[in-house]
Every structure is written in C-alpha cells, then in structure tokens.
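A short worksheet on the structure shown next.
Residue numbers (my numbering): 200 to 1020.
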C-alpha cells in the first residue's frame, strides 16, 4: 500500500550510473520482484530481510564506504537510523550519503522535525504530545474539532487520522497509541480544506538547489495525497504562491542538510497564503517518480551523482539529453494527471471512503496538451473495462449522489461527472466538496464536449474535438456505434509529442512520448528490428508488481538479442518505464486504438501482450500483419482435474522437446491443500522422497496431451498411496520469478528467445541442473494488504497478494525462519 515499483525504478537507474563511475555497489533486499535483484551480480546481492543485523553483516563483510536509504523508503531509513544510533557506522567508518548524520533522527519523528523547522521560522502546524486518553481529551478542549492525530515514532508507515467529534476519537484512540513505539501521539488542529501541494526538488553538495516540479492535489487536505487526483505542474496557484513554497522547500533542504532529491508536502490557504509543512521525504517515492515522468527530467540519473558529491554543474547525462538539461529547471508544455487505482473491486468489504490513510494500491497517468485531455486520458487508463468505456452512475438517487459528494469514495471522479451531467453548478460542487472551482470547469468542459460529440455523429468537428479532449477511438465507437476500424480511417490528425524538460527550448532526444493532435509529429519509426511491449498499466491486487518485473525483463532480454524496444504503458511507478529500460516509451491509455496507432508508427516485428488481456488478444489477433506474442502466458489455457495440490514439476516445453527443470512445493497458512490458498512456494519440493523419473514421465505425458508451450507446470496431489495429476498450466508470473531466483537462469529470457527464434535449446539443456540437485532451498512468501485496509475475514488467496518476500536457506525451515526476521 502506498508503494509500487518506484524505488526499484530509481535504484535501477542509479546502479547503471554508479557502475559507469566505477562504484562497487552491494544490495540488501528480499523483494523477489526487484529488477536490480535479478540484474546485479549475484555476489553483490544479499537476499535477506532489510533489518539492522543484516545491514551490519553486509557492512562488516564487504567493508563498505557508504550507505544510503534514498532508494529504500521508510524501512531503509529506520535501519540506517539504528545503525547510526548504535555507533556501527562510526565504528566501521561508513558515511551516510543523501542525509546529514546529525539530522537523520529527525525523520519519522514528527515532534523533533517540527521543532527543528520552527527554530528556523519554517511554518508547521502547532501541535501537542499526549501519552494517554485523558491528556488527549484535555488538548481537544483547548483546540476544538476537527483535529489531526498521528502516532509518534510509528511502528509502520506514518499516517494521520482526522477526527470530527469525540465519538470518533473514542473508537480509534487505542489503535493510534498502539501504532506508536513510545505509546505517544502528536495532536494538532486540523487544516482540512486547505489546498494540498507538493514540491520535488534537488540539492547538491555545494548547496545549489532546483525545483523539478510542483504537484497539486485535486482534493483538499483531508484526503491522503496518494488517494487524490494530482495535477502537475500545479494549476491554481499564483506565481507568488509557487515562489513561496519553492523557497520554503529550499530552506528545508538547507536546514536538514539533504543532498539529492526531496519531496515536501504543504497545506496552503489560497485566500490568505497561510502555508504549513505537512511532510518532508528525503528519498524517492511516488511523488518524485511522478515529477520525473511528467517533466522528462532525469531525476534518478542526476540524484545518483549528487549523492556522490558531484556538483550539479558537473553531472553527466547520456547523449540524448542536452548538455544543460541537468542545470535547467524544467518547463512543461503539457499537463500530467495522476489517477489513483483502488483495491475494492477485489475486496468489496473494505471501507472505500477516502480519508487520511492510504487506500489506493497504485496509480496511472494521462498526459496531454490541456488539463481536459490529460484528465480524460488518466480516467480512461484507470478503468478496468477493456473496451474504453467509462462507468455510469445515473441510477443513483439525488440523496445518494449528495452523500457521495460530501463523503468521497473510490468512485469520486465519475460521481463528480454525474453531478455535472445533472446540472449541478460549479459553485454548488465547490461548496459540497471544497475542491477548487478550476477542476470543475475542466470537468464541465469534458462533459459539454461529450454532449456535443453525442449529438454530432460522424461530424469532422466533433471528431477533432473528441481527440483534442482525450476521448479514445473505443469511446467514440461506443458513443456512435461505429466499428473502430472505420473510425481509424477518419483519424488523420494524431501526432506524438516528446515529454522533455525544456518545452522545446533545447534539442533533446528523450524517447518518451504522448499523443496529441497537432501538425508536427516528433516520433518516427525507431528501426526495422523492433519489438513493442504492452505494459501492465493499472495495478490491482494480485501479482501486479510481479507483472511489472516480467515486463521489465522482457525489455531487457529483447535488447540483449538485438531488438529496438518500445513500450506502451501508463503506470508512472513502473520500473519498465525507467528511461534506460527501453529505447522508446509511449505514455498512453492501454486501449485498442492507442495500440494500433503505435503499431502504425513503429511497425514492430513482434508485439508482446500480457496473457490476461483477453479482449485485446482477441481484437489484435484479427490483424494478420501483427505478430502477436502472449507473454506472460494466458492462464485460461490451464487444464484442471482437481482443486488440491501438494507439489508440482516445472518444465520447459518446445515443439519437439520437454525439459524438466525443478520440483516445487506449496504451503498455505492454514495447512489447506486448496490450490488457490497456497501462499508459500519453495524450490525444490524436498519434503518427501519422490520417484523423480516416474513422475517426470507422467508429467511429460500430461503435457503432450495439451497444446501448451513455454514454461509449463504440472501439479500433483497425494491421495492416500497414490500421486495424481491435479492440473497442467502455463507457469504463473510469480513462480517464473521464483524459478529465476532458484536456478540462476533467466527464464523470461528463455521465453523471449523461444518466441523470436533465438533459442539455443542445447545450451539450455546444459545449463539446467539435474532436477532437485540444489544444495539450498528458495522460498517465496506472498504478502497481503488486509491489515492496511481493515479487512480480516479474507483467506490468503494468491489472487489477493500485494507483494512477496524471498529467502534462501540450506533447509526449508531455515529459509522460512529468515522470512520472519
């Protein structure tokens, strides 16, 4: 929750820079879906939990010179704080890069951080510290409702709770005190209704500072920024207000000695210019990644050099950037809008009301010349419908609609459009929601355009207006009831614009593009030997972080065999959108019309499409000229004979050979043998002695009876004295990652070579170890978001996972115990 692949994306870019500069880097992580875990030299990777003991072990074993948490988030920062406090860093002469060691303990301690900022006249909300319910009640009598309460020195991610009355406080007080390691809470007068604004800035070792971007939440303070629609650059602030938050951001970085990147979140009263600092984050997060994606400024490439004490004037960037790019504050000639993605489709019992605690599981972005186009593209990208049709809430009664407006939920955006279609005025909506009037004007423009388009079928003006506003061909096909191919023959206007940080001021070759409808086209076919990879786009609960790992590896492996790589994706936090991951990126909705447009421009030899995109697979398969490769594979090709499982065999299946790779064991939290409830996977099985040769033959016979190629898993179930086959399925994404880690072979690379005719099967046969000959066990355990969402009655089903942990040990028990540390 509140994190996707943005840290991995930034770290991947930094490692490339450091390798070029001759910096030897070691990684401590146990996230199996980390691209750098796969791509780094194995002897420089410690697959262990990120904790103080393991970090100390790496420091002492490798004699490292420096350590950083900039790419590791809150947990990594806490580990370095403990290492610093315990004297381990000083004993081993280890420098902290990115943060001042004298100030590092201020982070994750709201009280001390606010005190330090106030000493320098930096505005923060007035606060009180309480250690029990009576003290909390006494403070409330002084400052009155609404109030904001947050745990001091939180055990997990720091989030505040807003209370409107005493009943709410009484119900939640125990939980808040329990979240604090010290049993204390910080309480302050809430500033609900203020604008919530973010800045992303850089600072070098000489104290030179630069603001990369401002970010404006559509929702006012009161809705967590991760759960709000965000516009970048900010749209409603005056120049004076922008300069004010810019100056405060710079002062904060100076006061705290932050080097590299810093995200600051503000509450701003637009009428009085009163401004308060809400949050200071000196590391990469979703906001820093959004700033990089939206501006085209190479934040990670620059930061990785600033951390090594390079002055920003001496930062070196790849040749595709202008020589002055690193020192020029970005200028945008386009708008980017971030739309949150929710888990409630899979977890309908979770509370979908928006508040101060993060509930979104990711985001997508839309990029356009106007706010209208960017917003509508973002909304289209966020929808689960594969047919590019937006949901309708016309069946809601007036009372239900008003309730949704006052108490926003995950369907806030379509509700606002529904209100506009019922002729609610901008002023009415502003009063009900406290959202700035400007955003309702943007939505009203979209709504009025839709009405015009609906009434002017096939009109060239309506067609042009639709595309300028961000409507897709799929939407027009639905509105006008016209085949999409006929619509595409009318479409002669689409061009692509580069996402770059100088607004055309300097010549850049940053290969990231969005669609527009103007005269000049800035994107041309990149080459003859090209592969187009369709990204995952919106995340939902399930193996989606693993999907992005898979997509990233497709790009890496295609590049290794000589393909120009192009990706279509719209998830700003995706590692597969890291600039050096591919030769070209298109940030557009992943819909049929957009895919066909990119294919028309790039003329790829292969188009790689995820197997769960059934509508797109069906539609794209109609085009004989498109060479479609389905990876990750389509799980609908699985064949089931039962619902129980004990172990499985993984095999590589080509047209004429079946190569056994490994056994796999399964484990569920409650001891169930139900296939869907297996949350721990381990390689090899090793639990009981198996007649390997006999079972391999059974597996081969089962595979031959099915038309499945690539990585295939045959599942077995022990029924008393008999071992029966439960099913045959393409190997799932998560288990492909496990197989990579356990065998040391990049199986995604094998599948890519197999699909493109580059596979040397004899070489693979030599590389695959004898089945179950490994001297260690590799265990992968799924993690779930139930606690964060306040739902506890769900069984741990792999379809509901939000991540995973990896461990290696000489026995299954040893590997499993490491997961608990």
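The beta-carbon is built from N, C-alpha and C at its ideal position, and this holds for glycine as well.
Hey, would you say residue i sits closer than 8 Å to residue j, going by beta carbons?
i            : j           : result
residue 549  : residue 542 : yes
residue 397  : residue 633 : no
residue 1010 : residue 976 : yes
residue 535  : residue 700 : no
residue 475  : residue 465 : yes
residue 735  : residue 545 : no
residue 361  : residue 389 : yes
residue 573  : residue 563 : no
residue 530  : residue 704 : yes
residue 756  : residue 947 : yes
residue 827  : residue 808 : yes
residue 905  : residue 863 : no
residue 501  : residue 631 : no
residue 926  : residue 914 : yes
residue 479  : residue 463 : yes
The beta strand (DSSP E) that contains residue i, what's its start and end?
i           : result
residue 512 : Here residue 512 belongs to no beta strand (DSSP E), and DSSP marks it neither H nor E.
residue 338 : No beta strand (DSSP E) contains residue 338, which is instead part of the alpha helix (DSSP H) from 332–342.
residue 521 : Run containing residue 521: none; DSSP gives neither H nor E here.
residue 349 : 346–350
residue 805 : 805–808
residue 402 : 394–402
residue 858 : 857–866
residue 539 : 534–540
residue 366 : Not the beta strand (DSSP E): residue 366 falls in the alpha helix (DSSP H), residues 365–377.
residue 851 : 846–852
residue 783 : 783–786
residue 360 : 360–362
Please check the pair residue i and residue j, which I expect to be a contact at CB under 8 Å, by giving their CB distance rounded to whole angstroms.
i           : j           : result
residue 296 : residue 323 : Not confirmed; about 27 Å, so no contact.
residue 215 : residue 226 : Actually they are not in contact, since the Cβ atoms of residue 215 and residue 226 sit about 14 Å apart, beyond 8 Å.
residue 963 : residue 949 : 6 Å
residue 351 : residue 383 : 4 Å
residue 553 : residue 429 : The Cβ separation is near 14 Å, so there is no contact.
residue 213 : residue 486 : Not quite, the Cβ-Cβ distance comes to about 18 Å (not below 8 Å), so this is no contact.
residue 843 : residue 869 : Not really, about 14 Å apart at Cβ, beyond 8 Å.
residue 806 : residue 786 : Not confirmed; about 18 Å, so no contact.
residue 488 : residue 772 : 5 Å
residue 861 : residue 882 : 5 Å
residue 878 : residue 980 : 7 Å
residue 693 : residue 713 : The Cβ separation is near 11 Å, so there is no contact.
residue 452 : residue 528 : Actually they do not touch by this definition, with Cβ atoms about 15 Å apart.
residue 211 : residue 774 : 6 Å
Using 10 angstroms around the beta-carbon of residue i, count the other beta-carbons present and answer buried if the total reaches 16, otherwise exposed.
i           : result
residue 851 : buried
residue 642 : buried
residue 417 : buried
residue 590 : exposed
residue 533 : buried
residue 147 : With the chain running from 200 to 1020 in the structure shown, residue 147 is simply not present.
residue 603 : buried
residue 292 : exposed
residue 729 : buried
residue 609 : buried
residue 706 : exposed
residue 813 : exposed
residue 933 : buried
residue 918 : exposed
residue 622 : exposed
residue 220 : exposed
residue 900 : exposed
Would you say residue i reaches chain D, if we count a Cβ-Cβ gap shorter than 8 Å as a contact?
i           : result
residue 597 : Given the protein chain composition of this structure (a single chain), no chain D is represented.
Which two residues bound the contiguous alpha helix (DSSP H) that contains residue i?
i           : result
residue 714 : No alpha helix (DSSP H) contains residue 714, which is instead part of the beta strand (DSSP E) from 711–715.
residue 768 : Element bounds for residue 768: not the alpha helix (DSSP H) but the beta strand (DSSP E), 763–768.
residue 638 : 636–654
residue 664 : 659–667
residue 749 : 743–759
Start-end ranges of the alpha helix (DSSP H) lying completely within the region 928–1002, minimum 4 residues: Qualifying alpha helix (DSSP H) stretches, in chain order: 932–942, 946–955, 960–966 and 985–988.
Ordered list of beta strand (DSSP E) runs contained in the region 454–479, each at least 3 residues: 459–467
Whole beta strand (DSSP E) elements within the region 877–932, 3-residue minimum: Unbroken beta strand (DSSP E) runs of no fewer than 3 residues, entirely contained in the region 877–932, are found at 879–882, 909–918 and 921–929, following chain order.
Every unbroken alpha helix (DSSP H) within the region 244–269, with a cutoff of 4 residues, ordered by chain: 251–261
Runs of alpha helix (DSSP H) lying entirely within the region 546–613, each at least 4 residues, in chain order: 570–581 and 597–605
Ranges of the beta strand (DSSP E) found wholly within the region 409–435, counting only runs of at least 3: Those beta strand (DSSP E) runs which fall completely within the region 409–435 and span 3+ residues are 429–431.
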